[in-house]
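Under my numbering, think of the first position of the sequence shown as -14, with each following residue one higher.
For each residue, glycine too, the CB sits at the ideal point set by N, CA and C.
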Amino acid sequence: MARAMFDYTKAVLSKVSFDVNLFCKELKKALTRLLPYEVEELKVWIDSLIKQNPQLNQCLIYLNP
């Protein structure tokens, strides 16, 4: 089940990546639902997404508590 949540989170984040506010909102929700090792995997995935969409860079503050 946990892997399904991780895959679902990636799908949602990629779909809302056109809007920075939506992306940040969904990222905050994801960080509360994912397991710690999944959050680390998500950070790597988001780094690659930000290379394609640099405007999402401001959401990185949620990944560094």
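Beta-carbon contacts of E11 that lie in its chain and below 7 Å, excluding the five residues immediately before and after: V(-3), L(-2) and V1
DSSP-derived helix/strand/coil call for D4: coil
Helix, strand or coil at N38 according to DSSP, with G and I counted as helix: coil
Residues of its chain near L34, where Cβ-Cβ distance is below 8 Å and the 5 sequence neighbours each way are ignored: L(-2), S(-1), S2 and L41
P21 versus C44 - alpha carbon distance: 18 Å
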